[in-house]
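Under numbering that gives the first Met the number 0, the sequence shown has 192 at position 193, and the numbering climbs by one with no breaks.
All residues carry an ideal CB built from backbone N, CA and C; glycine is no exception.
Remarks on the structure that follows.
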Amino acid sequence: MKIEEHPIIRKEVFQDLVKFLTAIDTNLNLHYSNHTIDPSLNKILDSAARLTGRRITNKDLLCILQVYPNAYAIKHNNKVNDHSEYLLTLPENIPVNTFNQCIPLRKEELLNNINTWISRNRNSSEITHPPIGQIIRKQKQASPSRIHKPQSNSSSPTKISKSALMNGLKNDSSKFVFRSKDENSEKEKNNGLSLLERIRLKEKLKNEQKMKDTPEMKYHTYIQSKLVPIYDIIFHIHRSQDKQQYKSYPLSKLVSIIEDSLDYPTSQDEIKDTVYLLEKKLGTEKIEILSRGGVTAIKVIKLDRNKDMMALK
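This is the structure:
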């Protein structure tokens, strides 16, 4: 959808709002894929700024909410040992598990709302908005109160009679009946292996385990465990960009975004090693790492998550 011309405000101002919404949505989606708690407003804006290459302020977010009131919900942060003043979350009508599918539609809704705002505010020289505290109060008043259902009586524990309890504690005499063993039944029990064959197999497995316990193998296993989470972050970032055949990202910038998005602390070197392993497993027709003039970039071509997951397993 095309943004209409405004007599006073430059079109770039509205285009920036669309970019900011897409970047914020991408980072919110990444956050909720790894966390169940709502994120700090400042953290999301800082991470989104890395995607756009521009600083995103509270004022930018409030301009989005002025044009698109249902885009996000802002809350006061009541968490202990967390100095962030505000939390940013999804509006109540969007479940977290369906947010990823809503992102393209939200962009279209913002574009539509921008054009509506332009048609109604042709004499305005800027997008004015109320203070953040007023927006929080307004959203809180509009939020439907939660209804707590009374607990069903059927959920109470069933009473067990003393006699039934004692019967349940008695041992079945059949457990103590002696059962003779023959060689064939023992072989069936042990997958047809004789005692000597079982000893050899045990020794072989022991040696294989020793190989797995080397520092190199442990690190390789650790990096493999990061493949899917890091792939998902790259997938969501790439999906949020304008539809192109491929897109290149500076490796250092991408590593910083991944580092902020992962649930567990992961060093930048570990992230880089995982990205290189992704290139090896998926092939350069999907992900290619290029170095020119001392600058390393990752070229992301068309990704297909369902097919790519098969290659990563």
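- Secondary structure of P68 (DSSP, three-state): coil.
- Taking C-beta separations shorter than 7 Å and ignoring five residues to either side along the sequence, the partners of S255 in its chain run R49, following chain order.
- Taking 8 Å as the cut-off, the beta carbon of I232 is found closer than this to the beta carbon of L29.
- Going by beta carbons, N26 and I43 fall inside the 8 Å limit.
- Buried is the label assigned to A47, since at least 16 other Cβ atoms lie within 10 Å of its Cβ.
- Sequence-distant Cβ neighbours of N99 in its own chain, meaning closer than 6 Å and more than five residues away, are N28.
- A contact is defined here as three or more CB-CB pairs under 8 Å, and the segment 110-125 meets this definition with respect to the segment 60-76.
- Cβ-Cβ distances below 7 Å link Y31 to V95, F98 in the same chain, with the five nearest sequence neighbours on each side left out; the list follows chain order.
- If you check the CB distance, T265 and L226 do not come in under 8 Å.
- Linking E84 to D24 through their CA atoms gives a straight-line distance of about 20 Å.
- Put simply, of D259, K203, L311 the residue whose alpha carbon is nearest the alpha carbon of Q223 is L311.
- Annotation: R121 is outside any beta strand (DSSP E) and is labelled neither H nor E by DSSP.
- Put simply, the backbone Cα of V294 is about 27 Å away from that of T21.
- According to the DSSP assignment, K280 belongs to the alpha helix (DSSP H) that extends over 267-281.
- Between the alpha carbons of I73 and S39 lies a gap of roughly 10 Å.
- When secondary structure is reduced to three states using DSSP, T213 falls in the coil class, being assigned neither helix nor strand.
- Between the C-alpha atoms of K298 and Y245 there is a straight-line separation of about 7 Å.
- Here I7 is exposed, its C-beta having fewer than 16 other C-beta atoms within 10 Å.
- Distance from the CA of I286 to the CA of G292, rounded to the nearest whole angstrom, comes to 20 Å.
- If you draw a straight line from the Cα of E202 to the Cα of Y275, it is about 35 Å long.
- The distance from the Cβ of I134 to that of L61 is about 7 Å, consistent with a contact at the 8 Å cut-off.
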